[in-house]
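Take a look at the structure set out below.
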Ligand code: NAI
Ligand code: MG
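Numbering (UniProt numbering), first residue to last: 1 to 363.
Here it is as C-alpha cells:
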C-alpha cells in the first residue's frame, strides 16, 4: 500500500477548529478503503508563528513541504494582528505561485438539506443536484500580475499602471484542464468568461485560444459570455452551467458567486492544482479564518471535509471521494435531530457535525 504524505497546515482562527474534523473524516475514509495517509503537521502560516519569527513561513518551507503529495490547508488571516496582505501574500499565495498551482478548481453544487438562496423565475426552489457546476480559474497570471508601477507619486501627475499578462502557455494549460473536465462529465458543456467588448486585447486573445482548444474537443459544447451578463446568468439560471473557465480575476469573482448561489460559504471547498504533479497541490475550504466566530467551536466543517474528499480524488481514490460526499449529503439530508451548525440553522458544534459525517463514512 502506497502511503500518501500530506502536509497539514491548519493556519488561523476556525482553520484550527475545522481541520480536526477534516482529518477525522479522512481517517475514516482511509481505514474503510485501505488508503495509507500520513499526516505531517506544520505550525507556520498563522499569526502566532509570525509573532515569534517575524515572517509567515520558515526560510526552508519549500524543503519542508515541497515533497509531500498534497497540502491540506485550513485558513490564514487575523487582521487584528497582521494586515491581510502580509499574512496571505506571505503564505497561501506563495504556495499557489511557487508550487505552480495554476488551476483553482471549485465545485458549486446544491446539496440536499440546504436551502438555496435562489429561486427559479417562477418562484419554485431548485432541487438538490440541479445546480451542479465546476468553476475553473486561472491561478497564476492574467490580471493579477506584478507588472506595473507608480510614477509622480503624490503629485498632480500621479500615474498608476498594472498590466494583464496572458501567455499562450498559461492560457492553454488552464483551458486544456477545463476541456478535459468538461469532456469527462455527462453534459460535456463548457462556458468561457470573457469581456472582449471592453478589454480589447487580452480578452480577444483568450477567446481565440478557447476557439483553438475547442477544435480539439469536438464533443464538448462551448459557449461564452461577457463577465457582466455571466454573473447575472449565475443568479438567474445557475442550473444551466456545467464547467465554467475564466481568467484569474473573472474566475475569482465567479468562484465566490457560484458557491454563494448554493448556500453557506461554510460548505464550499476548493483545490489549487498543479496537474502535472511536479509540486504538491493544495486543498482548502473557500472560507477564511472567520474571526467573528472563531474560538466558539461552531464553524461548519463541511468545506474542510469536502476539500479533503477532492484531495483523495486527486490522489487517485475516487471511491473514497464519493463516499465522503455521500456521507456529507446523508447527514445534511437527514432531518430530525441530525447535527447542524448555526450557519445551517442548527445548534450543533463543529465536532458534532464532523463526528456525524465521519460515522457515516466509516459505516
Ligand atoms: P471568512 O470566510 O473568514 O468569513 C466570512 C463570513 O462567513 C463570516 O461571517 C464567518 O463567520 C462566516 N463563515 C466563514 N466560514 C464559516 C464556516 N466554516 N462556518 C460558519 N460560518 C462561516 O471571510 P472574512 O471575514 O472576509 O476574512 C477573515 C480572514 O480570513 C481575513 O484575514 C481574510 O483575509 C482571511 N481569508 C483567508 C482565506 C484563505 O485562507 N483561503 C480566504 C478568505 C479570507
Ligand atoms: Mg475570492
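Virtual Cβ for every residue (Gly too), placed ideally from N, Cα, C.
Boundaries of the beta strand (DSSP E) in which residue i is found, first to last residue
i	result
residue 330	Here residue 330 belongs to no beta strand (DSSP E); instead the alpha helix (DSSP H) covers 318-333.
residue 213	Where residue 213 is concerned, there is no enclosing beta strand (DSSP E), although the alpha helix (DSSP H) it sits in stretches over 202-215.
residue 237	Per DSSP, residue 237 belongs to no beta strand (DSSP E) and is neither H nor E.
residue 4	3-11
residue 74	70-75
residue 179	Per DSSP, residue 179 belongs to no beta strand (DSSP E); it is in the alpha helix (DSSP H), 168-183.
residue 41	36-42
residue 284	281-285
Nearest residue (CA-CA) to residue i, options the options
i	options	result
residue 363	32, 77 and 11	32
residue 181	279, 270, 201 and 134	134
residue 129	138, 15, 315 and 263	263
residue 290	163, 343 and 336	343
residue 340	77, 70, 114 and 80	114
residue 91	12, 118, 243 and 34	12
residue 360	25, 348, 3 and 229	25
residue 294	77, 316 and 328	77
residue 209	197, 319, 174 and 305	174
residue 303	22, 2 and 237	22
residue 251	178, 149 and 53	178
residue 199	226, 123 and 58	226
residue 329	305, 286, 218 and 35	305
residue 86	316, 66, 54 and 61	54
Proximal residues to residue i (C-beta, below 6 angstroms), its chain only, five neighbours per side dropped
i	result
residue 15	74, 75 and 289
residue 321	309, 312 and 313
residue 283	72, 271, 307, 310 and 311
residue 39	6 and 8
residue 255	106, 135 and 137
residue 82	47 and 50
residue 222	190 and 214
residue 187	242
residue 333	112 and 113
residue 10	16, 19 and 74
residue 64	none
residue 192	210, 224 and 245
residue 356	331 and 339
Residue i - containing alpha helix (DSSP H), residue span
i	result
residue 100	Where residue 100 is concerned, there is no enclosing alpha helix (DSSP H), given that its DSSP letter is neither H nor E.
residue 31	15-33
residue 48	47-53
residue 80	Segment: none, residue 80 is in no alpha helix (DSSP H) and carries neither H nor E.
residue 125	Run containing residue 125: none; DSSP gives neither H nor E here.
residue 272	Note, residue 272: premise wrong, no alpha helix (DSSP H); beta strand (DSSP E) at 269-273.
residue 370	The chain is shown only over 1 to 363; residue 370 falls outside these bounds and no answer can be derived.
residue 352	350-362
residue 63	61-65
residue 303	302-314
Cutoff 8 angstroms; reference residue i; Cβ partners in own chain excluding five residues on either side
i	result
residue 116	110, 125, 126, 131, 261, 262 and 263
residue 147	162, 163 and 165
residue 300	18, 264, 266, 267, 341, 343, 344, 350 and 353
residue 167	141
residue 68	5, 6, 7, 40 and 280
residue 88	76 and 77
residue 335	113
residue 220	179, 182, 183, 188, 189, 190 and 214
residue 297	17, 349, 350 and 351
Which residues DSSP lists as bridging residue i, in chain order
i	result
residue 162	148
residue 138	103
residue 223	191
residue 133	108
Same chain, Cβ closer than 7 angstroms to residue i, five either side skipped, listed in chain order
i	result
residue 139	96, 101, 102, 103, 104, 248 and 272
residue 41	8
residue 358	24, 25 and 28
residue 206	166, 171, 194 and 247
residue 239	126, 130 and 131
residue 149	161
residue 2	36
Residue i: CB within 7 angstroms of a non-hydrogen atom of the ligand FAD
i	result
residue 343	Absence of the ligand FAD from the depicted structure is noted, with the ligand NAI and the ligand MG being the only ligands included.
*Taking contact to mean at least 3 C-beta pairs separated by less than 8 angstroms, is the stretch 260-274 in contact with the stretch 85-100?*
Taking 8 angstroms as the limit for Cβ pairs, the verdict is that the stretch 85-100 does touch the stretch 260-274.
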